[in-house]
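Below is one structure, written out as structure tokens; comments come after it.
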Amino acid sequence: MTPTHTHRERGGRYALVAKHAGGGALTGQHLVIYHDLEKDVQSATTNDDWRQHWRAIAPDDCTVCQGSGTDQIKSNKTNPCGGCYGLGKVRTNGERPTDLWQLADVAAGIIAKRTAERDHAQRQIADPEIQAFVQNLRQQRIDDSIGRQEQEWRAGRGFGPGGQRHTGD
């Protein structure tokens, strides 16, 4: 069985087996059945947990470290992977880079992809509707904070009768 996913934080090799609708106590939940290839155990989790903690292995992810860039074989997360030299990616044909020029091509591909993602995010943020939404959200948080501080101040100890503050109301 070939690995299809890896854990975002712990790494490892997992194969997606199936997706099912939950039954009994899990009615309404969507379950994901996966196979842990290192422990040779099948497990299940919710679809939300699966999307949050696991990611699909891309075709250009290193086959040694599954795209993490760290040493997975010796379980030493401080050392870079020997298959991809710590980049987490290999050449587009799936082969590991053998010389510095091939490694530079892999690094340039990573930089180009990240630049495109950044440009896309900046275009989305520059949208006037999103700017208005962010401004409204920011103003709402400021108003909520001021209201909460005012309530805490009014409920706090003061020098008036019964320890209450003189608010002028």
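Counted the way the working numbering counts, the sequence shown spans residues 1416 to 1584. Don't be surprised by glycine CBs; every beta carbon is placed ideally from N, CA and C. What you are looking at is a predicted structure, and each value in this text was computed from that prediction instead of being measured.
- One Cα belongs to P1474, the other to T1507, and the distance between them is close to 7 Å.
- About 7 Å separates the Cβ atoms of G1503 and D1476, confirming a contact at the 8 Å cut-off.
- The three-state secondary structure of P1543, taken from DSSP, is helix.
- Between the beta-carbon of G1484 and that of P1495 there is about 6 Å, and that keeps the pair under the 8 Å contact cut.
- Secondary structure of I1448 (DSSP, three-state): strand.
- Contact check for H1435 against W1469 fails: the beta carbons are separated by 8 Å or more.
- DSSP places R1466 in the uninterrupted alpha helix (DSSP H) bounded by 1462-1468.
- Excluding five sequence positions before and after V1505, the CB atoms of its chain that fall closer than 8 Å to its own CB belong to D1475, D1476, C1477, T1478, G1498, C1499, R1511, P1512, V1521, given in chain order.
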